[in-house]
Amino acid sequence: MVSVNNVCVQFSGNDLFKGISFVVNEKDRIGLVGKNGVGKSTLMKIMAGQQVPESGGITIPEGKSVGYLSQDIHINSDKSILEETLSVLQDVNAIQEEIDSVTKELESRTDYESIAYISLITKLTDAHETLNNSGGDKLEGEAEKILKGLGFPPSDFTRPVSEFSGGWQMRVELAKLLLQMPYLLLLDEPTNHLDIESIMWLENFFQSYPGAIMMVSHDRMFLDNVTNRTIEIVFGKTHDYKVSYSKYFQLREERLEQQRATFENQQKMIASKEKFIERFKAKNSKAKQAQSMLKQLDKIERVEFDELDTSTIQFRFPQAPRSGDLVIGGAAVTKKYGDSVILEDLDFKIVRGERIAFVGQNGQGKSTLVKLINKEVEFTGNITIGHNVEIGYYAQIQDKTLDENRTVLETIEDVATGDWSKNHKIRGLLGAFLFGKEDIEKKVKVLSGGERARLAIAKLLLKPYNLLILDEPTNHLDIASKEVLKNALRLFDGTLILVSHDREFLQGLTDRTFEFKNKKVKEHIGEISEFLNHHELQTFRQFELSGKKEEKSAKKSDSSQKTEFLDKKSTEKLLKKLNSRITKSEKKISQLEVKIEEFELSLKDSSSYQKVINDKEAYSAYEQNKQALEQEMERWENLSTELDKIN
């Protein structure tokens, strides 16, 4: 097991961790949770040996390894994808190099019966035997299996790593870790750059993983499917729950409620004693008792109450200056990487005020088109940027938009102009994005993924843009920050392009969908829910997996078509029956309402009031009609609900 022993960390004199301790057992599946900036990534770096705490330490069993996947990966390598993946197997590679060297030497020798030649043969045989015993002869096949699971087609195995984006390089780094099978696997947002098929493959892979896993992720479904334990970081301390992510919420609320009650009871007791002390400390008859009570208070172990950190970002985008009617136009747009065609002969038009969602599987060209619009890479065809269009761009990877050697304050000062150049305005902006006095002096390279995301979004507020292009903006944001960003985008009055896999985030933000598939873009009018309903889907998990099913669906058998026809007829018959019942129910409701209204009007008429009030039969009928109306209204509501479900 791996032990975290009384780890303490400070930033600018403030405690990030206050003596954190816990044990990671063999085959634990731990979700590490907490708000952005509480130190989740820092704790993982300490456990991986990449950062040293002020005090405390990590105990790892002798001979056991720890593998760490960072949020920010950049592999500077000209090796192929497969070669880079296999490069982590140093012992195996050394044996293979020895085999290659001996084999080459044997090819040039002709002294077949000499002692030297026989010695080389023996050396080669021993090397092959060692390789076989280590499983090295099977590792290339295992590497290929992992790469395929993470979304690489076999045709990519020989392509240089340098040709791939940061998101795909992250997959290579993950493949290297999975191939090594470390005793403890530390993963910081492993699903950020994965499509749903790769996420599902990874979930299955982890079910039989022999070691322990600890991960940070904002993907609730992934955490629920993988983890069996949740460690929460709150105000520098940890709370350990032996359950998966969803159950942790319930237990946390129960713990906080119990803690809150204990805290409040103790506060009442303390207030009562303090009141007694204050009142009687000057009276001779009670002074001794007051002094004794004061000593009791000093010895009381005060209950600490972990109030939830409810601080959130507060902001809205500046008013967008008016652009021309045409914002972006594309004609015959084609992008290739070598012989690989990513986008082919695209024609599209985006006009002022439109809000577009880019959706589709990873590798289909969503981020590529964003880069073409921003002139980051070369392509053939033509992309026209409209009159007076000012583009605000949030990149999926922040390497190019944030200088890691600048501080948070310097990052904003570098681009601030006009009123924003005033120091108090800049500090106010950073404060709104949860960067305190100490945080603004941190360098970008020490920021967590969530902090970098907030800083990149803050930069977009320094200039009034009329076209916002956001590529996976929610990857590093917690749930509360996602909602604040969504509200700000709802109020944005310019043109919007959103690349995202997050259905809940997109809902209500877009009015047109660009579906990326087979090197083309297909346009769909309406919100993202309408697009999904058009595909008869409820989640992107279904959408991203549906591509493999389309060919089978297109070749339905006659029997399945017949079944579908009968189902349709049955549904139509049921709809007709329900509509008839609803019509009858509405008619009955109207009749009852008339009878009730007539009786109530007679009560208001002074000339007939006394007669009506003494008519027991009429009054009894009135009560029965009211009860019947209530029952009929309930029946109508149930019928309407059933009709809505079928529709």
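Residue numbers (this note's numbering): -16 to 630. The beta-carbon is built from N, C-alpha and C at its ideal position, and this holds for glycine as well.
Below 7 angstroms between beta carbons: does that hold for H507 and T496? For this step, residue 507 is matched to residue 524 along the sequence shown. For this step, residue 496 is matched to residue 513 along the sequence shown. Contact flag set, yes.
For F514, does the three-state DSSP call read helix, strand or coil? The residue you call residue 514 lines up with position 531 of the sequence shown. F514: helix per DSSP, three-state reduction.
Name the two residues that bound the continuous beta strand (DSSP E) containing K505. Translated into positions along the sequence shown, residue 505 becomes position 522. Where K505 is concerned, the enclosing beta strand (DSSP E) stretches over 503 to 508.
Starting from Q241, follow the alpha helix (DSSP H) in both directions and report where the run begins and ends. Taking the first residue of the sequence shown as 1, we reach residue 241 at position 258. First-last of the alpha helix (DSSP H) with Q241: 228 to 263.
Rounded to a whole number of angstroms, what is the C-alpha to C-alpha distance between E396 and T384? Within the sequence shown, numbered from 1, the residue matching residue 396 stands at position 413. Within the sequence shown, numbered from 1, the residue matching residue 384 stands at position 401. Between E396 and T384, the C-alpha separation is close to 14 angstroms.
T105, buried or exposed, once every other Cβ within 10 Å from all chains shown has been counted against 16: By 1-based counting over the sequence shown, the position of residue 105 is 122. By the neighbour-count criterion, in which 16 or more other beta carbons inside 10 Å mark a residue as buried, T105 falls on the exposed side.
Would you call Y320 buried or exposed, if buried means 16 or more other Cβ atoms sit within 10 Å of its Cβ? Numbered from 1 along the sequence shown, position 337 holds the residue referred to as residue 320. The residue is exposed, with fewer than 16 neighbouring Cβ atoms inside 10 Å.
Name, in chain order, the residues that DSSP records as bridge partners for G17. Indexing the sequence shown from 1 puts residue 17 at position 34. DSSP output for G17 lists no bridge partner at all.
By DSSP's criteria, K220 is part of a beta bridge. Which residues make up the other side? The residue you call residue 220 lines up with position 237 of the sequence shown. K220 pairs with V217.
Can you confirm whether E146, when its beta carbon is compared against all beta carbons of chain D, has any partner nearer than 7 angstroms? No chain D is part of this structure, which consists of one protein chain only.
Can you name, in chain order, every residue of its own chain whose Cβ lies under 6 angstroms from the Cβ of K354, other than the five neighbours on each side? Mapped onto the sequence shown, residue 354 falls at position 371. If we look at K354 and ignore the five residues flanking it on each side, its Cβ neighbours are V360.
Touch check for the region -11 to -3 and the region 196 to 213: three-plus C-beta pairs under 8 angstroms? no
Look at E337 and T554 and say whether their C-beta atoms are less than 7 angstroms apart. Numbered from 1 along the sequence shown, position 354 holds the residue referred to as residue 337. Numbered from 1 along the sequence shown, position 571 holds the residue referred to as residue 554. Taking 7 angstroms as the Cβ cut-off, E337 and T554 do not qualify as a contacting pair.
Classify P193 as buried or exposed, calling it buried when 16 or more other Cβ atoms lie within 10 Å of its own Cβ. Residue 193 sits at position 210 when you count from the first residue of the sequence shown. With fewer than 16 other beta carbons inside 10 angstroms of its own, P193 counts as exposed.
I'd like to check one pair, L89 with L103: are the Cβ atoms closer than 7 angstroms? On the sequence shown, position 120 is the one that residue 103 refers to. On the sequence shown, position 106 is the one that residue 89 refers to. Yes. Within cutoff.
Using CA coordinates, which residue listed in S229, R235, K230 is at the minimum distance from T221? Position 238 of the sequence shown, counted from the start, is the residue given in the question as residue 221. Checked all of S229, R235, K230; the closest Cα to T221 is R235.
Backbone CA spacing between S91 and I98 [nearest angstrom]: Within the sequence shown, numbered from 1, the residue matching residue 91 stands at position 108. Within the sequence shown, numbered from 1, the residue matching residue 98 stands at position 115. Rounded to whole angstroms, S91 to I98 spans 16 angstroms at the Cα level.
Quick check: what's the CA-CA separation for E625 versus E580? Locating residue 625 in the sequence shown gives position 642, where the first residue counts as 1. Locating residue 580 in the sequence shown gives position 597, where the first residue counts as 1. About 30 angstroms.
Where does R564 sit, in a helix, a strand or coil, going by DSSP? Taking the sequence shown and counting its residues from 1, the one referred to as residue 564 is at position 581. DSSP places R564 in helix when its eight states are reduced to three.
Beta-carbon spacing of G150, S181 below 7 angstroms: In the sequence shown, residue 150 corresponds to position 167, counting from 1. In the sequence shown, residue 181 corresponds to position 198, counting from 1. No. Outside cutoff.
Give, in chain order, every unbroken run of the alpha helix (DSSP H) that is at least 4 residues long and sits entirely within the region 102 to 169. Runs of the alpha helix (DSSP H) inside the region 102 to 169: 119 to 132, 149 to 163.
Using only alpha-carbon positions, find the residue among A439, E455, R486, D598 that is nearest to T390. Position 407 of the sequence shown, counted from the start, is the residue given in the question as residue 390. The option with the nearest alpha carbon to T390 is A439.
Tell me, please, whether the region 370 to 380 touches the region 445 to 453 by the rule of three or more beta-carbon pairs shorter than 8 angstroms. yes
Out of N608, K503, D485, point me to the one whose CA is closest to A315's CA. Locating residue 315 in the sequence shown gives position 332, where the first residue counts as 1. Taking only the C-alpha atoms, the option nearest A315 is K503.
I need the straight-line Cα distance from K469 to E487, nearest angstrom please. Looking up residue 469 in the sequence shown gives position 486. Looking up residue 487 in the sequence shown gives position 504. Looking at the two C-alpha atoms, the distance is approximately 10 angstroms.
Return the bridge partner residues of M276 from the DSSP annotation. Taking the first residue of the sequence shown as position 1, residue 276 is located at position 293. Looking at the DSSP assignment, M276 forms no beta bridge with any residue, so it has no partner.
DSSP three-state assignment for R389, whether helix, strand or coil: Taking the sequence shown and counting its residues from 1, the one referred to as residue 389 is at position 406. Correct three-state label for R389: coil.
Quick one: grab the DSSP three-state call for E298. Taking the sequence shown and counting its residues from 1, the one referred to as residue 298 is at position 315. For the record, residue 298 in the displayed sequence is Phe; it is not Glu. The answer is coil: DSSP assigns F298 none of H, G, I, E or B.
Residues in its own chain within less than 6 angstroms of L472 by CB, not counting five upstream and five downstream? For this step, residue 472 is matched to residue 489 along the sequence shown. Correct list, in chain order: L492.
Excluding the five sequence neighbours on either side, which residues of its own chain have a C-beta within less than 6 angstroms of the C-beta of S24, listed in chain order? Taking the first residue of the sequence shown as 1, we reach residue 24 at position 41. So the list reads D171, S431, once near-sequence residues are dropped.
Can you name the residues that DSSP bridges to I311? If you number the sequence shown from 1, residue 311 lands on position 328. I333, I368, per the DSSP bridge assignment.
Looking at the strands, I want to know which residues DSSP matches up with T42. Position 59 of the sequence shown, counted from the start, is the residue given in the question as residue 42. For T42, which the question treats as bridged, DSSP gives the partners S(-14).
Buried/exposed call for E600, threshold 16 Cβ in 10 Å: For the purposes of this step, residue 600 is identified with residue 617 of the sequence shown, where counting begins at 1. By the neighbour-count rule (16 or more Cβ atoms within 10 Å), E600 is not buried but exposed.
Does D202 pass the burial test, meaning 16 or more other C-beta atoms within 10 Å, or should it be called exposed? Residue numbering aside, residue 202 sits at position 219 when the sequence shown is read from its first letter. The residue in question, D202, is buried, as its Cβ has 16 or more Cβ neighbours within 10 Å.
My output table needs one value for I283: the three-state DSSP class, helix, strand or coil. For the purposes of this step, residue 283 is taken as the residue at position 300 of the sequence shown. Correct three-state label for I283: coil.
Could you tell me whether the region 145 to 161 touches the region 7 to 21, using the rule of 3 or more Cβ pairs below 8 angstroms? no
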